[in-house]
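Novice:
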Amino acid sequence: MNYIYLLINIAVLFFPLVLSFDKKVHFFSKWRFVLPAILITGLVFLVWDLLFVKLNVWSFNPDYLIGLSFFGLPLEEILFFLTVPYACIFIYECLNAYFPSNYLQKYSLALSHLILGISIAVLFFGFNRWYTLINFGFLFLVLVYVEYVNKLRFMYKFYRAYLVSLIPFYIVNGFLTAIPVVIYNSKEILGFKVGTIPFEDHFYLMSLLLMNIYLYEFFKSKTAKKA
């Protein structure tokens with residue numbers, strides 16, 4: 001029973017890792033861009049995670065952990081920021097390789113406007129809840145930078161990958177919140193849930209995926225310029 005969270009991490013990573021050698025996607029050849037993107041983003045989110053533990057925004061059920069922790073965070077939670085981004089970037093690259101035509105291209109700016117509007121509205125009503133405040137505040141800042149300051153154009157590809165990533169998200173996060181492995185402080189979230197998954201988690205995934213993919217594209221572009 002205490003291996004549950006660890007097994008979830010292994011399951012998330014298993015198929016993307018095995019399929020990384022697919023000839024069309026050739027994902028293993030892009031690891032030199034994937035790994036620094038994951039490590040930089042992971043560091044940011046680990047600090048965020050540690051802060052939330054200190055603020056009692058969420059906690060972890062010891063019944064489903066192996067008992068190893070670093071800086072107050074379970075090993076499994078640290079691995080989460082490696083396995084989930086790897087799987088999501090893999091989904092992103094698979095979609096780009098197998099489905100180059102992307103009808104979201106003409107709507108991506110409108111989607112960004114919509115998400116920024118949602119973020120402002122949620123911040124207005126939920127500014128007194130830590131998870132809501134930091135989650136939507138961070139997403140707002142990252143999205144503004146990526147969409148309006150950054151010159152790399154990939155948001156239409158990002159949104160498609162995000163929508164597809166919601167499928168495993170509902171399975172994995174649904175499991176983590178239903179058992180529960182992760183326990184949320186009801187005073188620090190809006191209280192609206194999809195099943196057992198807090199509304200904020202959907203945008204937490206968006207922030208995590210957006211920062212990873214931005215850095216991934218950034219490192220790829222740097223290499224392309226040198227070439």
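Everything in the sequence shown is counted per the UniProt record's numbering, starting at 1 for the first residue and increasing by one.
Glycine included, every Cβ here is placed at the ideal spot set by N, Cα and C.
Could you tell me which uninterrupted beta strand (DSSP E) segments, each at least 3 residues in length, are contained entirely in the UniProt domain "Lycopene cyclase" (2-95), listed from first to last along the chain?
Specialist: Runs of the beta strand (DSSP E) inside the UniProt domain "Lycopene cyclase" (2-95): 58-60.
Novice: So the beta strand (DSSP E) Val172 belongs to, where does it begin and stop?
Specialist: Position 172 of the sequence shown, counted from the start, is the residue given in the question as residue 172. Taken as a continuous stretch (DSSP letters only), Val172 belongs to no beta strand (DSSP E), being part of the alpha helix (DSSP H) at 155-178.
Novice: Which first and last residues belong to the beta strand (DSSP E) in which Val142 is found?
Specialist: Taking the sequence shown and counting its residues from 1, the one referred to as residue 142 is at position 142. Where Val142 is concerned, there is no enclosing beta strand (DSSP E), although the alpha helix (DSSP H) it sits in stretches over 130-144.
Novice: So does the stretch 170-187 actually touch the stretch 107-115, counting three or more Cβ pairs closer than 8 Å?
Specialist: The answer is no - the stretch 107-115 does not touch the stretch 170-187, with fewer than three Cβ pairs under 8 Å.
Novice: Measuring straight from C-alpha to C-alpha, what distance separates Asn56 and Leu17?
Specialist: By one-based count along the sequence shown, residue 56 stands at place 56. By one-based count along the sequence shown, residue 17 stands at place 17. If you take the alpha carbons of Asn56 and Leu17, they lie about 34 Å apart.
Novice: Can the beta-carbon of Tyr86 be found closer than 7 Å to that of Ile4?
Specialist: Walking along the sequence shown from the start, residue 86 turns up at place 86. Walking along the sequence shown from the start, residue 4 turns up at place 4. Not in contact: Tyr86 and Ile4 (Cβ atoms no closer than 7 Å).
Novice: Measuring CA to CA, which of Lys30, Phe27, Glu77 is closest to Leu7?
Specialist: Within the sequence shown, residue 7 is the residue found at index 7, counting from 1. Closest option to Leu7, Cα to Cα, is Glu77.
Novice: Tell me, to the nearest whole angstrom, how far the beta carbon of Leu139 is from that of Ser207; I am working on the premise that it is less than 8 Å.
Specialist: Here the question's residue 139 lines up with position 139 in the sequence shown. Here the question's residue 207 lines up with position 207 in the sequence shown. Their Cβ separation, rounded to whole angstroms, is 5 Å, which keeps Leu139 and Ser207 in contact under 8 Å.
Novice: Following the continuous beta strand (DSSP E) through Ile183, name the residue where it begins and the one where it ends.
Specialist: Stepping through the sequence shown from its first residue, residue 183 is reached at position 183. 182-184 is the extent of the beta strand (DSSP E) around Ile183.
Novice: Can you name the residues that DSSP bridges to Lys193?
Specialist: Within the sequence shown, numbered from 1, the residue matching residue 193 stands at position 193. According to DSSP, which records beta bridges pairwise, Lys193 is partnered with Pro198.
Novice: Is the number of C-beta pairs between the stretch 125-140 and the stretch 190-199 that are closer than 8 Å three or more?
Specialist: Judged by Cβ distances under 8 Å, the stretch 125-140 makes contact with the stretch 190-199, as three or more pairs qualify.
Novice: Could you have a look at Lys151 and say whether DSSP puts it in helix, strand or coil?
Specialist: Position 151 of the sequence shown, counted from the start, is the residue given in the question as residue 151. Lys151: coil per DSSP, three-state reduction.
Novice: Is the stretch 208-225 in contact with the stretch 94-101, if contact means three or more CB pairs nearer than 8 Å?
Specialist: No, they do not touch.
Novice: Leu68 and Leu75: beta carbons closer than 7 Å?
Specialist: The residue given as residue 68 occupies position 68 in the sequence shown. The residue given as residue 75 occupies position 75 in the sequence shown. Yes, the Cβ-Cβ distance between Leu68 and Leu75 is below 7 Å.
Novice: Indicate whether the contact test is met: 3 or more Cβ pairs, each with one atom in the stretch 41-52 and one in the stretch 203-218, closer than 8 Å.
Specialist: Yes: at least three Cβ pairs fall under 8 Å.
Novice: With 16 as the cutoff for other CB atoms within 10 Å, does Pro62 come out buried or exposed?
Specialist: Counting from 1 along the sequence shown, the entry for residue 62 is found at position 62. So Pro62 ends up on the exposed side.
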